[in-house]
Structures are given as structure tokens and as C-alpha cells.
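What follows is a single structure, written as C-alpha cells, with notes after it.
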Amino acid sequence: RGARIAIVDKEPFLGGNSAKASSGINGIDENSVYRNDSVEEFERDVLIGGGRSPDDSNPLVKTLTGGSVDALHWLRTRCGLPLEMIGQLGGHSHPRTHRPAKGLAGAELVTAVQSLLQEYSKNNRLV
């Protein structure tokens, strides 16, 4: 908290192709009705989906899956992004793809983050 941040995007507009994504964000929601899911199961699914053995260890996969709990929380609480719908997409052993009820998930995510960045800019917290 209180840090100054910099956002770098190679596209001429914030979000690039992410703004066009329609599926949602994959992650473990500890408050979900699907309580039989876990970060470990998510990690296993990502490894298998990437053609790796579920016994492999990959620090990037661990960061993606382990950080998903906090990422969902941050999007909901700090960005105000409602992610009230959850679905199970290909390669996942449990429903863990979260999306807002209205609009394209990527566009809604980019808009929510952009609003937060504008607030940071007003408070001189954006480099």
C-alpha cells in the first residue's frame, strides 16, 4: 500500500488483446460454493494442460495458481469488479473461471483496472 506504480503496455490503448477476452479469469475463490477445489488442483491442471507431468514443479505455474486467490480478491475489492459467474472451461477439473454477469470479461477487467489507475493518478501514485 502507498507505493507508486508504473504500467507498461505495448499497445496504443490500455489492455491490448486482454480487452477482447471473453472467458474470464481462472482462479481459486476461497469463498466459492465449489469448496472441493484447491490451489494444488489448479496447479495440476495447468501443468497437465501445458503438456507437463503433474509431478513437475514450475515456479511460474506456482505463481499463477498460488496468486490467484489474492488476484480475485484484489479485482473484487480494489477494482470493484463483480465476478459473480463461475464456469468450468476446458482443461480444468473444477469450475474456476470467474467472470462478470454482463459484458466481455476482458473488457470489464480492463475498464475496472483503468478506473483504479485514474484514481491512482489523481493521488499522484502513478508514475
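Under this note's numbering, the first residue of the sequence shown is numbered 2, with each subsequent residue one higher. By construction, the Cβ of each residue, glycine as well, lies at the ideal position given by its N, Cα and C atoms.
Here the alpha carbon of V114 sits roughly 33 Å from the alpha carbon of R53.
Burial check for A106: the Cβ neighbour count within 10 Å reaches 16 or more, so the residue is buried. Under the 10 Å beta carbon count, D57 is surrounded by fewer than 16 other beta carbons and is classified as exposed.
S24 is the residue among V70, L15, S24 and P13 whose C-alpha sits nearest the C-alpha of Q89. Membership of G88 in the beta strand (DSSP E) is indicated by the continuous run M86 to G88. Partner residues in the beta bridge of H99, as assigned by DSSP, are I26 and I87. Taking the CA atoms as reference points, G50 sits about 32 Å from A7.
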